[in-house]
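K.L.:
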Amino acid sequence: MSVAPTNADLAVAETPAAPGGPTTDSPRRYNLNLRQSGIYIAFALIVVLFAVLTGGDLLQPQNISNIIVQNSYILILAIGMILIIIAGHIDLSAGSVVAVCGAVAAVLMVEHNVPWPLALLITLVVGGLIGAWQGYWVAYFGIPAFIVTLAGMLLFRALTLTILGNRGIGPFPDEVRTLANGFTEGYLGNIGLGALGGADLFSILVGVVAVVGIVFTQWRTRSARQQYGQAVDPMPLFIGRIAVASFLVIAVVVQLARFKNLPWVLVLLAFLVLAYSLLTNRAVFGRQIYAVGGNLQAATLSGVKVKSVIFWIFVNMGVLAALAGVIFAGRLNQANPTAGNQFELDAIAAAFIGGAAVQGGVGKVVGAITGGLIMGVINNGMSLIGAQSETVMLVKGAVLLAAVAFDVWSKRRAGASR
Amino acid sequence: MSDTILRMQDITKTFPGVKALQDVNLSVRRGEIHAICGENGAGKSTLMKVLSGVYPHGSYDGEITFEGEECRFSGIRDSEHRGIVIIHQELALAPQLSIAENIFLGNEQATRGLIDWNRTNHAAAQLLERVGLRENPVTPILELGVGKQQLVEIAKALSKQVRLLILDEPTAALNDEDSAHLLGLLRGLRDQGITCVIISHKLNEVMAIADRVTILRDGRTISTLDLATDQVTEDKIISGMVGRDLDHRYPPHESQVGSEVLRIEDWTVHSPTQHGRVVVSNANLTLRRGEIVGLAGLMGAGRTELAMSVFGRSYGTGISGRIIKDGKEIHLRSVRDAIDHGIAYATEDRKRYGLNLIEDIKRNISAAALGKLAKRGWVDENEEFKTAGAFRQSMNIKAPSVLSVTGKLSGGNQQKVVLSKWIFTNPDVLILDEPTRGIDVGAKYEIYTIINRLADEGKAVLVISSELPELLGICDRIYTLSAGRITGEMPRAEATQEALMTLMTKGTE
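Protein chains in written order, with this note's numbering: chain F, 61 to 478; chain C, 1392 to 1900.
1) Below 8 Å on the Cβ atoms is my contact criterion, and I expect isoleucine 1749 of chain C with arginine 1783 of chain C to pass it. Report the Cβ-Cβ distance as a whole number of Å.
2) Any beta carbon of chain C sitting closer than 8 Å to that of threonine 451 of chain F?
3) Give, in chain order, every residue of the stretch 347 to 363 of chain F whose Cβ lies closer than 8 Å to some Cβ of chain C.
4) Got a sec? Which residues, its chain only, sit under 7 Å from asparagine 1493 of chain C by beta carbon, not counting five neighbours each side?
5) Against chain C, does valine 422 of chain F count as a neighbour if the rule is that its beta carbon must be under 8 Å from one of theirs?
6) Should phenylalanine 201 of chain F go down as buried or exposed, given a rule of 16 or more other Cβ atoms within 10 Å for buried?
7) Does the structure place the stretch 260 to 276 of chain F close enough to the stretch 337 to 351 of chain F that three or more beta carbon pairs sit under 8 Å?
8) Along chain C, which residues have their Cβ under 8 Å away from the Cβ of glutamine 286 of chain F?
9) Which word fits valine 418 of chain F, buried or exposed, when buried means at least 16 other C-beta atoms lie within 10 angstroms of its C-beta?
10) When you compare only the Cα positions, how much space is there between arginine 1581 of chain C and serine 1465 of chain C?
11) Closest to asparagine 126 of chain F by C-alpha separation, out of F:Gly242, F:Asn376, F:Asn173 and F:Gly289, would be which residue?
12) Strictly below 8 Å CB to CB, what residues from chain C border arginine 342 of chain F?
13) Quick one: using the 10 Å Cβ neighbour count with 16 as the cut-off for buried, is threonine 281 of chain F buried or exposed?
14) In terms of DSSP beta bridges, what is methionine 1895 of chain C paired with?
15) Can you have a look at glutamine 1583 of chain C and say buried or exposed, based on whether 16 or more other CB atoms are within 10 angstroms of its CB?
16) Using DSSP with H/G/I as helix, E/B as strand and the rest coil, what is cysteine 161 of chain F?
17) Could you name the residues that DSSP lists as bridge partners for phenylalanine 1457 of chain C?
18) Output the distance between the C-alpha atoms of alanine 1781 of chain C and serine 1757 of chain C, rounded to the nearest integer angstrom.
19) Using beta carbons (cut-off 8 Å, strictly below), is phenylalanine 298 of chain F in contact with chain C?
20) Which residue or residues does DSSP assign as beta-bridge partners of valine 1476 of chain C?
21) Looking at arginine 237 of chain F: is its Cβ nearer than 8 Å to the Cβ of glycine 390 of chain F?
22) Looking at the structure shown, is aspartate 1569 of chain C part of a helix, part of a strand, or coil, going by DSSP?
23) Within a Cβ cutoff of 8 Å, which residues of the same chain sit near leucine 1576 of chain C, ignoring the five residues on either side of it in sequence?
24) What are the start and end residues of the alpha helix (DSSP H) that includes arginine 282 of chain F?
25) Check whether the Cβ of glutamine 402 of chain F lies closer than 8 Å to any Cβ atom in chain C.
26) Using DSSP's beta-bridge definition, name the partner residues of glycine 1688 of chain C.
27) How about lysine 1410 of chain C and glycine 1610 of chain C: do their beta carbons lie closer than 8 Å?
28) In whole angstroms, what separates the C-alpha of glutamate 1739 of chain C from that of arginine 1844 of chain C?
29) Does the stretch 1661 to 1669 of chain C come close enough to the stretch 1706 to 1713 of chain C that 3 or more CB-CB pairs lie under 8 Å?
30) Which chain F residues are close to alanine 1483 of chain C, counting only those with a beta carbon under 9 Å from its beta carbon?
31) Would DSSP call glycine 257 of chain F helix, strand or coil?
32) Check each residue of the stretch 1602 to 1615 of chain C: if its Cβ is closer than 7 Å to any Cβ of chain F, include it; give the result in chain order.
33) Which residue or residues does DSSP assign as beta-bridge partners of phenylalanine 243 of chain F?
34) Using a threshold of 8 Å, state whether the C-beta atoms of valine 1770 of chain C and arginine 347 of chain F are closer than that.
35) Thinking just about the alpha-carbon of each residue, which of F:Ala205, F:Leu405 and F:Glu235 is nearest to the one in proline 175 of chain F?
36) Establish whether the CB of phenylalanine 345 of chain F and some CB of chain C are separated by less than 8 Å.
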């Protein structure tokens, strides 16, 4: 069971995804099962592959921590990107927005000594305004998002260079660096785990709480559904799923606890994944994003304010890009004019690998996160075995193409069997 | 001039579940203008698609003989090669390209792979002269009005050495002047020996230019009349088009008509794409509680445009007029406004505009009133499931569960999902645009029953339909719409198909 640990985010995210998950999936289970679960199976296979290739190094406590920290900003961007892609649009400017927001944060925190929480807030607002600018052109002016954000990619890179000149600004306050790169303190000291050695008790407790949370919410959802006479998974399957999810959470947490405790970005990511999964599955706004992407005209004629929906998902993307910008700058301890270069492509790839449809209307936050992790594991695993960067690129390109080809193929097959 | 250029014999074309054409016979004489008349859905366009190879040989039964030879077209290129050119109602021109480029699109005047622009433009100019269009051949299409675009299409047909020209509703989108010019041109072409088949709803035009008329009804040939020898009148054509018995296809219903709920006054709508074209002109309508009102009109009469412009201005520009709901004037600026004021509109094209086909039944039903299932912005999915389940039962939606994807349902069940969605918004007024289009007979009956039930609940229902028997079968009162104008209003007791068709084909004065 050496696969287990790296499924951390997936397992954490299982909780919020589930309320919508089984409901929407169960009718299509037999048609779309492969499509839905294919991504997780692929992820597991890739992890196993690289675990073997690296002789187990991939799953070492420090490496797991590295994968999470190194990909955190891409994963944050992927959350925003999946919403945009579900609505049938695209954002090519995310990397530039990351850069410009990192620069804004640096100017505020380093040059003007603005207290970091205030500076962070201002930076997020700036990100939101950038998103509003792009959302306006896309939603209300009617320019395709591809063009607007392509322009944005240039505009905001130019703005970054204007702010920073050709230099980097740093260093960042400790708190920001901790958020980006640091770990929770060992608040409760260590405990011994026998053969595994010592581990941070607090981290383990967080893992246990997460597992209890998963079990509780899943159980409550299941019984509420039963009361309404909905079909639910048979008990063995239900228990099996929860057992796997719990095992993955505990395994990852234990590995992390053996290293340096929980990375703060993991805590942040877990929160974001939970919140956005809830938003997409349960909120009226989230539903409207799917409606807009699924059939724009039908959504319009059903009274959905489609322009406003599109506008706000771009605002949201801007805020998340700002957050990613601060974290990236914090991690490098410097705001850099070339920061975030091509991040948008990684985020877009993550969303599509994670099961988003090119036509819009389909996609899940957890899927995008898994897609991002697949890319992260490939990056990490290949660098561990000393692969050249061109090989890494080649493999990532092939994976993206294969994922979308699989999507198109399975859809055509589903259509043909009708 | 009595030799036959085209003979279509015993043409039968079946779509899944529908027999679109059954043993249709059509024979066209060389050098005549032959009109084909029939209601929407009578099979006119299908017949022309069979002829032009859009439906290739083998996908239909029967035989086509053109100029004495049997034809087995496998595509439109084959038929064009033989000199059969069809001009569709929706023009197929590339708006950014010039007149000359459009005329020779796919037939470029090239020497050794390079286009000879002089030859192209010169040839185009000659063709334009033949169709009486005084425009420079290098003018982009988008600078021309629809009437002139129509002429470019004809010039394009002439460039292909057309022998049989088929025009599908050529004047539907034209004003009177352009229509007159076009008809004059067709006469001129006839004199040059080009045979024309024209599909038209405008019977006055048919009477004016056709030599013979073939009438189709329900996918069958009813008769072919010779305007010179037979005593043909518009009434005779109409009775051929509509002559159908009203059997037990409609559930019996006595409406309890109550007070007025919606009144539309002086409603005028302009086309958003063609500047200055009036699509709906000074329309007045009244709907009462518990009443089922019909809106009859042929394709292009402005029925959908009228309904959608009322439904939160979802169609049209330059909209003027008043909407009075429950005695008070209301202003509906968005679809949301309309829904909030208790108006629902079920679109005629449920796949394109009505449903999110990749989503399940449950989420489609809740789409227009998600707020009713939500508390502080969060949807209660269990309530949603329960609501959808209740609709599945009451509307008899045949699907394994409310979690079935709507794209996989039959037309009738899709329509029930659309109706459920709108009923869930709890409207006072339901506008149903072609509610039974593409639905089999059994499901139609169910839809009629649902409409009756809605009226019994005190809702006002406006049914837009191309099928006159349907309107006569279920409505209490019927308005007729022709070229954007309300041309009449009849209670069911007085209405007949003939009377309605006369009002629907009434030309613009």
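From the three backbone atoms N, C-alpha and C, an ideal C-beta is built for every residue, glycine too.
Please read all numbers here as calculations on a predicted model, not as lab measurements.
P.N.:
The structure says:
1) To locate residue 1749 of chain C, count along the second sequence from 1; it is residue 358. To locate residue 1783 of chain C, count along the second sequence from 1; it is residue 392. Between arginine 1783 of chain C and isoleucine 1749 of chain C the Cβ distance is about 19 Å, and since that is not below 8 Å, they are no contact.
2) The sequence position of residue 451 of chain F within the first sequence is 391, counting from 1. It does not: the Cβ of threonine 451 of chain F has no partner Cβ on chain C nearer than 8 Å.
3) Arg347, Gln348, Tyr350, Ala351, Gly354, Asn355, Gln357, Ala358, Ala359, Thr360, Leu361, Ser362 and Gly363
4) As a first step, residue 1493 of chain C must be located in the second sequence, where it is residue number 102. Contacts found: Leu1484, Ala1485, Ile1532, Val1543 and Lys1547.
5) By 1-based counting over the first sequence, the position of residue 422 of chain F is 362. It does: the Cβ of valine 422 of chain F has a partner Cβ on chain C nearer than 8 Å.
6) Within the first sequence, numbered from 1, the residue matching residue 201 of chain F stands at position 141. With fewer than 16 Cβ atoms within 10 Å of its Cβ, phenylalanine 201 of chain F is classed as exposed.
7) no
8) Locating residue 286 of chain F in the first sequence gives position 226, where the first residue counts as 1. What glutamine 286 of chain F touches in chain C: nothing, since even the nearest Cβ is about 10 Å away.
9) The residue given as residue 418 of chain F occupies position 358 in the first sequence. Exposed, because fewer than 16 other Cβ atoms sit within 10 Å of the Cβ of valine 418 of chain F.
10) Taking the second sequence and counting its residues from 1, one reaches residue 1581 of chain C at position 190. Taking the second sequence and counting its residues from 1, one reaches residue 1465 of chain C at position 74. For arginine 1581 of chain C and serine 1465 of chain C, the distance between alpha carbons rounds to 28 Å.
11) Sequence index remark: in the first sequence, residue 126 of chain F carries index 66 (1-based). Among F:Gly242, F:Asn376, F:Asn173 and F:Gly289, the Cα nearest to that of asparagine 126 of chain F belongs to F:Gly242.
12) Stepping through the first sequence from its first residue, residue 342 of chain F is reached at position 282. Per Cβ cutoff of 8 Å: Trp1769, Val1770 and Glu1772.
13) Position 221 of the first sequence, counted from the start, is the residue given in the question as residue 281 of chain F. Buried, by the Cβ-count rule.
14) Position 504 of the second sequence, counted from the start, is the residue given in the question as residue 1895 of chain C. None, per the DSSP bridge assignment.
15) Locating residue 1583 of chain C in the second sequence gives position 192, counting from the first residue. Exposed is the call here.
16) Sequence index remark: in the first sequence, residue 161 of chain F carries index 101 (1-based). Residue state, collapsed to three classes: helix.
17) The count along the second sequence starts at 1 and reaches residue 1457 of chain C at position 66. According to DSSP, which records beta bridges pairwise, phenylalanine 1457 of chain C is partnered with C:Leu1397 and C:Glu1460.
18) Here residue 1781 of chain C refers to the residue found at position 390 when the second sequence is read from its first residue. Here residue 1757 of chain C refers to the residue found at position 366 when the second sequence is read from its first residue. Rounded to whole angstroms, alanine 1781 of chain C to serine 1757 of chain C spans 12 Å at the Cα level.
19) As a position in the first sequence, residue 298 of chain F is number 238, starting the count at 1. It does not; no Cβ of chain C falls within 8 Å.
20) Locating residue 1476 of chain C in the second sequence gives position 85, counting from the first residue. Paired residues: C:Leu1556.
21) As a first step, residue 237 of chain F must be located in the first sequence, where it is residue number 177. As a first step, residue 390 of chain F must be located in the first sequence, where it is residue number 330. Yes; because the gap between Cβ atoms is below 8 Å, this pair is in contact.
22) Residue numbering aside, residue 1569 of chain C sits at position 178 when the second sequence is read from its first letter. It is helical.
23) Reading the second sequence from its first residue, position 185 is the one you call residue 1576 of chain C. Val1522, Gly1523, Leu1542 and Ile1545.
24) In the first sequence, the residue the question calls residue 282 of chain F occupies position 222. Arginine 282 of chain F -> alpha helix (DSSP H) spans 261 to 287.
25) On the first sequence, position 342 is the one that residue 402 of chain F refers to. With 8 Å as the cut-off, glutamine 402 of chain F does not count as an interface residue toward chain C.
26) Against the second sequence, residue 1688 of chain C aligns to sequence position 297. DSSP lists C:Leu1872 as partners of glycine 1688 of chain C.
27) What you label residue 1410 of chain C is simply residue 19 of the second sequence in a count that begins at 1. What you label residue 1610 of chain C is simply residue 219 of the second sequence in a count that begins at 1. It is a contact, given that the beta carbons lie within the stated cut-off.
28) Within the second sequence, numbered from 1, the residue matching residue 1739 of chain C stands at position 348. Within the second sequence, numbered from 1, the residue matching residue 1844 of chain C stands at position 453. Computed Cα separation, rounded: 21 Å.
29) yes
30) Here residue 1483 of chain C corresponds to residue number 92 of the second sequence, with the count starting at 1. In chain order: nothing, as chain F lies at least about 23 Å away.
31) In the first sequence, counting from the first residue as 1, residue 257 of chain F sits at position 197. Looking at glycine 257 of chain F - three-state DSSP - the assignment turns out to be coil, as it is neither helix nor strand.
32) none
33) The residue labelled residue 243 of chain F in the question sits at position 183 within the first sequence. Answer is F:Pro323.
34) Counting from 1 along the second sequence, the entry for residue 1770 of chain C is found at position 379. Counting from 1 along the first sequence, the entry for residue 347 of chain F is found at position 287. In contact: valine 1770 of chain C and arginine 347 of chain F (Cβ atoms closer than 8 Å).
35) For the purposes of this step, residue 175 of chain F is taken as residue 115 along the first sequence, with counting starting at 1. Among F:Ala205, F:Leu405 and F:Glu235, the Cα nearest to that of proline 175 of chain F belongs to F:Glu235.
36) For the purposes of this step, residue 345 of chain F is taken as the residue at position 285 of the first sequence. It does; some Cβ of chain C falls within 8 Å.
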